[in-house]
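Let me begin by presenting the structure, written as structure tokens, before commenting on it.
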Amino acid sequence: MSILFNSFSEWKNHIETHNVPVWQPVLEYEIEQKGRTENEIWLKLDQAYAVMKDAVKTGLEKDMTSISGMINNGAKKVRDCKVSVLGENFQKLLYYTLAAKELNSCMGRIVAAPTAGASGIMPGVLTTLSEIHPDIPKQKILEGMLVSAGIALIIEKRASISGAVGGCQAETGTAAAMGAGAIVYCLGGDLGQIFESVAITIMNMLGLICDPVAGLVEVPCVKRNASASVIAFASAQIALAGDSAVIPVDEVIDAMGEVGASMETQYKETALGGIANTPTAREIEKNVLVQVVEEVEEGEV
Amino acid sequence: MIGPVMIGPSSSHTGGVVRIGKVARMIFGEQPESASITFYNSFARTYEGHGSDRAIIAGLLGMNTDDERIKQAFDETQKAGMLYSMKAVMNASALHPNAIRVLMQKGEKKTEVLGISRGGGLISILEIDGFACNFSAQSKTMIITAHDVKGSIAFITNILASDDCNIATMTVNRSGKNDIAKLVIEMDSGLKPISLEYLKSLNWVIDVVYLENVEI
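Protein chains in written order, with numbering that gives the first Met the number 0: chain A, 0 to 300; chain B, 0 to 215.
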């Protein structure tokens, strides 16, 4: 990826022609773009992984109440819930993701992956994966993170990774696709299965709008991070089983780009539509938004 | 795509805002005694909820975007002895949706900086003391305030060339003919300390501010 791939099929061709690991071209791209050595890139990934694990831990230990009060220790509630709807691991995936994302909403230290608004998904997915499969070496997880980065690079090139540009499907959708690809890679899936997991994930997130209450990265963002982690695991399981998305991944990404482009502005982080435009959301705004505001005349600064 | 490590909740409302504060402080050259901050447009209503108020203060105190003290920045102002005030202004249509103006003071010394947060932690500084400019503070940047004399640009660029410095961008603005001019030069590589001292010593040069890279 010293020349950035425009498509997943180019990535696949490169891997098959040069017979290198799937993460290799992403590593080369990072070395070239950041002007760092290979060792420095691995070290950066290791640090990012450490910050992710810390985020999960901190989100479960410290008080997670946001400035607005809309986020209030949800991860701990899920952890302590006696009714387990789908088993311990499912519960864990949810509260790990919630913990990392709540920390973001509460001004804690996180890794943007790919963005701050979706920063609960990769930590939730990777910490859960490494706990359920303790035999996965850390190096393999770091390689999986490079695979994730490669996935996001292509999605950004063909469609978008930000809610303001492509809606929530683009932002949490990309993070979930990154998570799915990392899971499939770490569990020994081949290139085709990694790409299928991306296609299935994006299909499952397609159409989701970005409609944050009061414009804050809290509601519905935090819980959507948790659901996106679940979709990442669901897609990885289906892909690893050898089932297909039927539609090739590049075409799925283009479809997401098309939906994002035709999405109305009120559904793109502007807090004008969807959940942000409900009567209750408008009531919350009165308490959360700055009320003493000067208005200037047109054109005046 | 994985990174940067930052303090949440948002790269444009916290990360970028910390950087605007930090660059403003670097332009001022020292810890201000007081700062008056104006949040415009999209920032005006949400700056408290997003913690942009804490972020700008943290930057003015010299913190980086991944500093865990950002959330407690208001408490930190007491230690640093910095007073601050905040104001929100809507419908400033001539300005970017995410614009911030910072007026820093220490004794008689005053500097005003206008910055915008472009998303993903990227920023642009668009005004210094009323002089228009446009730089991102991602590469080495030199800000020269000088008397508007003939040949000054050629003189300065010659010094850069002899230091093997490639100029990436340059903006020049002046308050009036034969009055004060401000040059902002972004460079691909650094300037020798002795060249910087030489520039500062010139009788037509009023002030030189040199910004090393500001880490995201």
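The beta carbon of each residue, even a glycine, is placed where N, CA and C say it ideally should be.
What you are looking at is a predicted structure, and each value in this text was computed from that prediction instead of being measured.
Can you tell me the Cα-Cα spacing of residue i and residue j, whole angstroms?
i	j	result
A:Thr173	A:Asp249	13 Å
A:Asp253	B:Arg117	25 Å
B:His146	B:Asp178	6 Å
B:Gly20	A:Pro20	43 Å
B:Gln104	B:Pro31	5 Å
B:Ile127	A:Cys220	37 Å
B:Met0	B:Ser151	43 Å
B:Pro3	B:Met25	22 Å
B:Ala180	B:Leu113	18 Å
A:Ala111	A:Lys52	13 Å
A:Asp79	A:Gly119	19 Å
A:Ser6	B:Val101	44 Å
A:Met69	A:Asp210	15 Å
A:Pro113	A:Gly58	19 Å
B:Leu82	B:Ala34	6 Å
A:Ile283	A:Ala198	37 Å
A:Val164	A:Ala99	24 Å
B:Glu75	B:Glu47	17 Å
Looking at residue i and the ligand MG, is the gap between the Cβ and the nearest heavy atom below 6 Å?
i	result
A:Val295	This structure does not include the ligand MG; it has no bound ligands of any sort.
Under the DSSP definition of a beta bridge, which residues are partnered with residue i?
i	result
A:Arg108	B:Ile6
B:Asp65	B:Asp65 pairs with nothing; no bridge assigned.
B:Glu126	B:Leu113, B:Ala131
B:Val207	B:Ile143
A:Glu294	B:Met89
B:Gly118	B:Leu121
A:Cys209	A:Lys267
B:Phe38	B:Ala87, B:Ile99
B:Leu82	B:Ser33
B:Lys108	B:Lys105
A:Thr57	Answer by DSSP bridge pairing: none, since A:Thr57 is not bridged.
With a Cβ-Cβ cutoff of 7 Å, do residue i and residue j count as a contact?
i	j	result
A:Leu145	A:Trp22	yes
A:Gln168	A:Gly107	no
B:Ala167	B:Ser138	yes
B:Gly7	A:Ala115	yes
A:Glu293	A:Gly162	no
B:Ser41	B:His12	no
A:Met202	A:Val251	yes
A:Val289	A:Ser67	no
A:Gly256	A:Gln265	no
A:Leu97	A:Gly73	yes
A:Glu217	A:Ser65	yes
B:Thr144	B:Ile69	no
A:Ile150	A:Ala175	no
A:Glu170	A:Ala244	no
B:Thr64	A:Gly214	no
A:Ala148	A:Val25	yes
A:Glu195	A:Ala158	no
B:Val17	B:Ala54	yes
B:Met85	B:Ile122	no
List the endpoints of the continuous alpha helix (DSSP H) containing residue i.
i	result
B:Arg173	B:Arg173 -> not in any alpha helix (DSSP H); beta strand (DSSP E) instead, spanning 166-173.
A:Leu152	137-157
A:Thr36	It is not in any alpha helix (DSSP H) - A:Thr36 carries neither H nor E in the DSSP assignment.
A:Lys75	73-79
B:Lys199	192-200
A:Val124	120-131
A:Met204	190-204
A:Trp10	7-17
A:Leu85	Per DSSP, A:Leu85 belongs to no alpha helix (DSSP H) and is neither H nor E.
B:Met25	15-27
A:Phe232	220-239
A:Tyr184	167-185
Could you give the first and the last residue of the continuous beta strand (DSSP E) run that contains residue i?
i	result
B:Glu185	179-186
B:Met103	98-105
A:Tyr266	Note, A:Tyr266: premise wrong, no beta strand (DSSP E); not H, not E.
> Can you list, in chain order, the residues of the segment 46-57 of chain B whose Cβ is nearer than 8 Å to any Cβ on chain A?
Replying inline: From the segment 46-57 of chain B, only Tyr46, Glu47, Gly48, His49, Gly50, Arg53 have a Cβ closer than 8 Å to chain A.
> If contact means a Cβ-Cβ distance below 8 Å, which residues of the segment 28-47 of chain A contact chain B?
Replying inline: Hits within the stretch, in order: Lys43, Leu44, Gln46, Ala47.
>> Counting only Cβ-Cβ distances shorter than 9 Å, please list the residues of the segment 105-126 of chain A near chain B, keeping chain order.
In response: Within the segment 105-126 of chain A, contact with chain B at the beta-carbon level (separation under 9 Å) is assigned to Cys105, Met106, Gly107, Arg108, Ile109, Val110, Ala111, Ala112, Pro113, Thr114, Ala115, Gly116, Ser118, Met121.
> If contact means a Cβ-Cβ distance below 9 Å, which residues of the segment 199-222 of chain A contact chain B?
Replying inline: From the segment 199-222 of chain A, only Ala213, Gly214, Leu215, Val216, Glu217, Cys220 have a Cβ closer than 9 Å to chain B.
>> What are the residues in the segment 267-297 of chain A lying within 7 Å of chain B by C-beta distance?
In response: The residues in question are Val287, Leu288, Val289, Val291, Val292, Glu293, Glu294, Val295, Glu297.
> Going along the segment 62-83 of chain B in order, which residues come within less than 8 Å of chain A, judged by CB to CB distance?
Replying inline: If the cut-off is 8 Å between Cβ atoms, the segment 62-83 of chain B has Asp65, Glu67, Ile69, Lys70 near chain A.
> According to a CB-to-CB cut-off of less than 9 Å, which residues of the segment 223-246 of chain A neighbour chain B?
Replying inline: The residues in question: there are none.
> Mind listing which residues of the segment 129-157 of chain A have their C-beta closer than 7 Å to chain B's C-betas, in chain order?
Replying inline: Within the segment 129-157 of chain A, the qualifying residues are Met144, Ser147, Ala148, Ala151, Leu152.
>> Taking beta-carbon pairs under 7 Å, can you tell me which members of the segment 27-44 of chain B lie near chain A?
In response: Listed in sequence order: Ala43, Arg44.
>> Using a Cβ-Cβ cutoff of 7 Å, what residues of the segment 62-78 of chain A are near chain B? List them in chain order.
In response: Hits within the stretch, in order: Ile66, Ser67.
> For the segment 81-115 of chain B, which residues have a CB atom closer than 8 Å to at least one CB atom of chain A, in sequence order?
Replying inline: Cβ proximity to chain A below 8 Å picks out Lys86, Ala87, Val88, Met89, Asn90, Ala91, Ser92, Ala93, Leu94 from the segment 81-115 of chain B.
> When Cβ atoms are compared, which residues of the segment 78-105 of chain A fall closer than 8 Å to chain B?
Replying inline: Listed by position, the residues of the segment 78-105 of chain A near chain B (Cβ gap below 8 Å) are Leu102, Asn103, Ser104, Cys105.
>> Using a Cβ-Cβ cutoff of 8 Å, what residues of the segment 183-194 of chain A are near chain B? List them in chain order.
In response: Of all residues in the segment 183-194 of chain A, none has a Cβ within less than 8 Å of some Cβ in chain B.
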